[in-house]
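> The structure follows.
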Amino acid sequence: MASASRRPTDIVIFGASGDLTRRKILPAIGDLSRDGQIRLLGAGRSAMSQEAFKDLVASATGSQDLAARSGWVQLDYDSPDTYEALKPAVDGDGAPVIYYLATPPATFGSILTGLTHAGLSGRGKDRSIVVEKPLGQDASSARTLNEQLEALFDESQIFRIDHYLAKDTVQNVLAFRFSNSLFEPVWNRTMIESIQITAAEEIDIGRRAGYYDSIGAVRDMVQNHVLQLLALVTMEPPTTFDPSDIRKAKQELLRAVEPLDPATAVRGQYEGYLDAEGVGRDSRRETFAAARLVIENWRWEGVPIFVRTGKALRRQLTEAVIRLRDAPHLRVGGRRQRGIPTLVVIRFQPDEGILLRIGAKRPGSRFEMVPAGMKLEYGRLARQQLPDAYENVLSEVLAGGHTVFPSGKEIERSWEIVDPLLQSWETEGHPELYARGSWGPAAAEDLVTGQGAGRWMTSGDEAGTQ
Ligand code: BG6
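At position 210 of the sequence shown (counting the first as 1) the number is 209 in numbering that gives the first Met the number 0, and the numbers step up by one without a gap.
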């Protein structure tokens with residue numbers, strides 16, 4: 000990953016008084032601004048004083064220096080004339096400018112129009128634009144957004160955030176798969192029995208009903224984070240580790256993923272979701288989604304792949320479990336040995352690492368198999384605490400790199416993959432309820448067992464890796 004730029008840079012955050020800015024963006028900017036090179040301009044609808052914004056910056060970042068280099072501009076996103084107010088900061092001394100759109104997607108079009116109207120858009124200048132998900136509501140709106148962005152900025156100036164890509168453990172999939180000759184030779188339909196990806200959260204929607212109830216689990220997690228994880232775990236080796244080659248490899252993989260079939264997908268809603276403040280009383284929004292995926296290519300044809308994600312689940316856990324085909328079981332004294340499937344578990348969070356679950360002989364006089372584990376504890380490789388994903392995102396933007404950003408084409412294709420589910424669920428009845436603290440609706444279990452693909456596996460379970 001690229002390191003932070005040393006050049007003076009202006010960052011303009013649209014939606015700077017919002018929750019995302021305070022929780023994620025400002026702390027990351029605070030960490031990256033220690034060299035004094037970042038100047039910050041907050042822009043938003045609120046009538047905020049300069050002092051109030053500086054206080055907000057200071058409390059979110061702990062940096063009085065950054066607060067002193069910060070300013071606030073009030074904008075009406077829909078009134079192009081108000082964008083003139085950005086000019087002194089943006090056009091000032093010719094320093095690079097980063098526009099960060101931390102606003103609801105419905106405002107993106109107006110903001111792009113406003114920037115163009117004020118002559119502040121990007122092409123041919125040292126300016127980039129950062130956009131936060133959701134990048135569209137479906138494939139067609141994602142295409143429209145891409146067209147709007149690409150009309151004003153070159154692809155190299157556009158940074159579409161998927162903060163999962165900026166997690167070190169996610170980038171480590173590339174190193175794990177393609178820098179070790181041990182794993183890649185078995186990474187295919189001949190040797191792999193099944194793949195499962197779980198992105199589970201213990202937390203519920205909290206106070207995010209305004210956002211979540213119009214989105215649901217598929218748009219919130221599957222279209223972006225889960226499909227990006229899948230792409231990295233299953234893509235072909237890229238020609239180089241350069242961002243453009245990695246993007247090409249992911250794009251090609253996503254092209255081979257068949258659009259999801261509602262008949263092999265499950266939607267759930269946790270009990271009590273309807274009581275959350277801001278949720279529609281009869282909301283049919285899913286807080287859990289599971290699906291079987293089909294990758295139609297040479298490497299993965301016929302391999303069952305399952306993904307699941309949800310809120311208010313039993314554990315906070317994101318991991319990919321790759322199950323290898325069973326070895327032949329040799330009999331001992333005429334008795335069949337206990338079969339112990341070999342699993343490769345890529346643990347993205349928490350307790351980041353890679354686990355190999357293998358069979359070993361139980362110490363003692365009898366020849367008896369027991370599950371045993373080999374573990375890479377990723378955190379131990381770091382000399383300090385692993386940086387927050389947002390810090391990686393921003394340091395990459397400052398350096399102009401694209402390693403941790405999906406391309407517009409990947410995003411469009413990911414929407415094409417989930418669109419059939421979204422369309423079908425729009426007209427279906429209420430999702431299956433599940434108890435908080437469970438692993439989701441019972442149908443999710445049946446989804447896997449019914450396909451003869453064992454059951455859901457997570458490290459730490461008795462069927463898992465410990
Ligand atoms: C966000 C989703 O993109 O990712 C949230 O909008 C989710 O609903 C979050 O909680 C999970 O991110 P992380 O980094 O905590 O796993």
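For each residue, glycine too, the CB sits at the ideal point set by N, CA and C.
Please read all numbers here as calculations on a predicted model, not as lab measurements.
1) Per the DSSP calculation, Tyr99 is bridged to which residue(s)?
2) Taking 7 Å as the cut-off, is the beta-carbon of Gln147 closer than that to any non-hydrogen atom of the ligand BG6?
3) At a cut of 8 Å, does the segment 299 to 315 reach the segment 324 to 335 through at least three beta carbon pairs?
4) Which same chain residues end up closer than 8 Å to Arg313 when comparing Cβ atoms and leaving out the 5 residues on each side of it in sequence?
5) For Val265, list the residues DSSP reports as bridge partners.
6) Compute the Euclidean distance between the alpha carbons of Val278 and Trp424, then round it to the nearest angstrom.
7) May I ask whether a heavy atom of the ligand BG6 can be found less than 7 Å away from the beta carbon of Thr317?
8) When the Cα atoms are used, what is the spatial distance from Gly29 to Leu446?
9) Could you have a look at Lys374 and say whether DSSP puts it in helix, strand or coil?
10) Can we say the segment 13 to 25 touches the segment 44 to 64, given the rule of at least three CB pairs closer than 8 Å?
11) Grouping DSSP H, G and I as helix and E and B as strand, with all else coil, what is Val278?
12) When the distance is taken between beta carbons, is Ile160 closer than 8 Å to Val417?
13) Confirm, please, whether the CB-CB distance from Ser413 to Leu253 is below 8 Å.
14) Just to confirm, does Glu411 get its C-beta within under 7 Å of one of the non-hydrogen atoms of the ligand BG6?
15) Who are the near neighbours of Gly215 in its chain, counting only those whose CB is closer than 7 Å to its CB and skipping five residues on each side?
16) Count the C-beta pairs between the segment 116 to 130 and the segment 92 to 99 that are closer than 8 Å, then say yes if the count reaches three, no if not.
17) Who are the near neighbours of Arg454 in its chain, counting only those whose CB is closer than 8 Å to its CB and skipping five residues on each side?
18) In three-state terms, what does DSSP make of Ala398?
19) Extract the residue ranges of the alpha helix (DSSP H) inside the segment 178 to 231, only unbroken runs of 4 or more that lie entirely within it.
20) What is the rounded straight-line gap between the Cα of Val403 and the Cα of Ala101?
21) Nearest to Asn296 by alpha carbon, out of Ala262, Thr308, Glu367 and Ala248?
22) DSSP three-state call for Val344: helix, strand or coil?
23) Starting from Phe305, trace the beta strand (DSSP E) in both directions and tell me its first and last residue.
24) Tell me whether Ile160 sits in a helix, a strand or coil according to DSSP, three-state version.
25) Using the C-alpha atoms, what's the distance from Ala174 back to Thr233?
26) What would DSSP say about Ala94, mapped onto helix, strand or coil?
27) Quick check on the DSSP output: the beta strand (DSSP E) that includes Ser69 runs from which residue to which?
28) What separation, rounded to the nearest whole angstrom, lies between the Cα atoms of Gly113 and Lys132?
29) In the DSSP assignment, what are the bridge partners of Leu312?
30) I'd like to know whether the C-beta atoms of Thr197 and Gln348 end up nearer to each other than 8 Å.
31) Can you name, in chain order, every residue of its own chain whose Cβ lies under 8 Å from the Cβ of Ser78, other than the five neighbours on each side?
32) Could you give the distance in angstroms between the alpha-carbon of Val396 and the alpha-carbon of Phe158?
33) Whole angstroms is fine: what's the gap from Ala1's alpha carbon to Arg142's?
34) What did DSSP end up calling Arg38 once you bin it into helix, strand or coil?
35) Give every residue of the same chain whose Cβ lies closer than 7 Å to the Cβ of Arg188, excluding the five residues on either side of it in the sequence, and list them in chain order.
36) Going by C-alpha distance, which of Ala51, Phe52, Pro87 and Ser62 is nearest Asp9?
Concretely, from the data shown:
1) Position 100 of the sequence shown, counted from the start, is the residue given in the question as residue 99. Partner(s): Ile12 and Val129.
2) As a first step, residue 147 must be located in the sequence shown, where it is residue number 148. Incorrect: Gln147 has no Cβ contact closer than 7 Å to the ligand BG6.
3) Segment contact: the segment 299 to 315 against the segment 324 to 335, fewer than three CB-CB distances shorter than 8 Å; contact not assigned.
4) Here the question's residue 313 lines up with position 314 in the sequence shown. Taken in chain order, the residues that qualify are Ala199, Glu201, Gly436, Ser437 and Trp438.
5) Residue numbering aside, residue 265 sits at position 266 when the sequence shown is read from its first letter. Beta-bridge pairing links Val265 to Ala289.
6) If you number the sequence shown from 1, residue 278 lands on position 279. If you number the sequence shown from 1, residue 424 lands on position 425. Their backbone Cα atoms lie some 18 Å apart in a straight line.
7) As a position in the sequence shown, residue 317 is number 318, starting the count at 1. Yes, Cβ of Thr317 sits closer than 7 Å to a heavy atom of the ligand BG6.
8) On the sequence shown, residue 29 is found 30 positions in, with the first residue counted as 1. On the sequence shown, residue 446 is found 447 positions in, with the first residue counted as 1. Taking the straight line from one Cα to the other gives about 45 Å.
9) As a working note, residue 374 is residue 375 in the sequence shown. Residue state for Lys374 is assigned as strand, using DSSP reduced to three classes.
10) yes
11) Locating residue 278 in the sequence shown gives position 279, counting from the first residue. Here Val278 sits in coil by DSSP.
12) Along the sequence shown, read from residue 1 onward, the residue named residue 417 stands at position 418. Along the sequence shown, read from residue 1 onward, the residue named residue 160 stands at position 161. No, the Cβ-Cβ distance between Val417 and Ile160 is not below 8 Å.
13) In the sequence shown, counting from the first residue as 1, residue 253 sits at position 254. In the sequence shown, counting from the first residue as 1, residue 413 sits at position 414. For Leu253 and Ser413, yes; Cβs fall inside 8 Å.
14) Taking the first residue of the sequence shown as 1, we reach residue 411 at position 412. It does not: the Cβ of Glu411 is nowhere closer than 7 Å to a heavy atom of the ligand BG6.
15) Counting from one through the sequence shown, the residue named residue 215 turns up at place 216. Excluding sequence neighbours, Gly215 sits near Arg284 and Glu285.
16) yes
17) As a position in the sequence shown, residue 454 is number 455, starting the count at 1. Cβ neighbours of Arg454 beyond the five flanking positions: Glu444, Val447, Thr448 and Ala462.
18) As a position in the sequence shown, residue 398 is number 399, starting the count at 1. DSSP places Ala398 in helix when its eight states are reduced to three.
19) Complete alpha helix (DSSP H) runs here, min 4: 208 to 211.
20) Translated into the one-based positions of the sequence shown, residue 403 becomes position 404. Translated into the one-based positions of the sequence shown, residue 101 becomes position 102. When rounded, the distance between both Cα atoms is 18 Å.
21) By 1-based counting over the sequence shown, the position of residue 296 is 297. The shortest Cα separation from Asn296 among Ala262, Thr308, Glu367 and Ala248 belongs to Ala248.
22) What you label residue 344 is simply residue 345 of the sequence shown in a count that begins at 1. The answer is strand: DSSP assigns Val344 an E or B state.
23) Taking the sequence shown and counting its residues from 1, one reaches residue 305 at position 306. That run of the beta strand (DSSP E) goes Ile304 to Gly309.
24) Translated into positions along the sequence shown, residue 160 becomes position 161. In this structure, Ile160 counts as coil in the three-state DSSP scheme.
25) Position 234 of the sequence shown, counted from the start, is the residue given in the question as residue 233. Position 175 of the sequence shown, counted from the start, is the residue given in the question as residue 174. Rounded to the nearest angstrom, the two C-alpha atoms are 13 Å apart.
26) If you number the sequence shown from 1, residue 94 lands on position 95. Note: Ala94 maps to coil in three-state DSSP.
27) Against the sequence shown, residue 69 aligns to sequence position 70. Ser69 -> beta strand (DSSP E) spans Ser69 to Gln73.
28) One-based indexing of the sequence shown puts residue 113 at position 114. One-based indexing of the sequence shown puts residue 132 at position 133. If you take the alpha carbons of Gly113 and Lys132, they lie about 20 Å apart.
29) On the sequence shown, position 313 is the one that residue 312 refers to. Note: Leu312 sits in a beta bridge opposite Ser437.
30) For the purposes of this step, residue 197 is taken as the residue at position 198 of the sequence shown. For the purposes of this step, residue 348 is taken as the residue at position 349 of the sequence shown. Result no, Cβ atoms of Thr197 and Gln348 do not sit closer than 8 Å.
31) Residue 78 sits at position 79 when you count from the first residue of the sequence shown. So the list reads Gly113, once near-sequence residues are dropped.
32) Along the sequence shown, read from residue 1 onward, the residue named residue 396 stands at position 397. Along the sequence shown, read from residue 1 onward, the residue named residue 158 stands at position 159. When rounded, the distance between both Cα atoms is 7 Å.
33) Within the sequence shown, residue 1 is the residue found at index 2, counting from 1. Within the sequence shown, residue 142 is the residue found at index 143, counting from 1. Confidence is the limiting factor: at Ala1 the pLDDT is only 44, short of 50, which leaves the residue's position unreliable, though a coordinate-based value still follows. Their Cα atoms are separated by approximately 29 Å.
34) As a working note, residue 38 is residue 39 in the sequence shown. Here Arg38 sits in strand by DSSP.
35) Against the sequence shown, residue 188 aligns to sequence position 189. Answer for Arg188: Arg298, Trp299, Glu300, Gly301 and Val302, listed in chain order.
36) For the purposes of this step, residue 9 is taken as residue 10 along the sequence shown, with counting starting at 1. The candidate whose alpha carbon is nearest that of Asp9 is Pro87.
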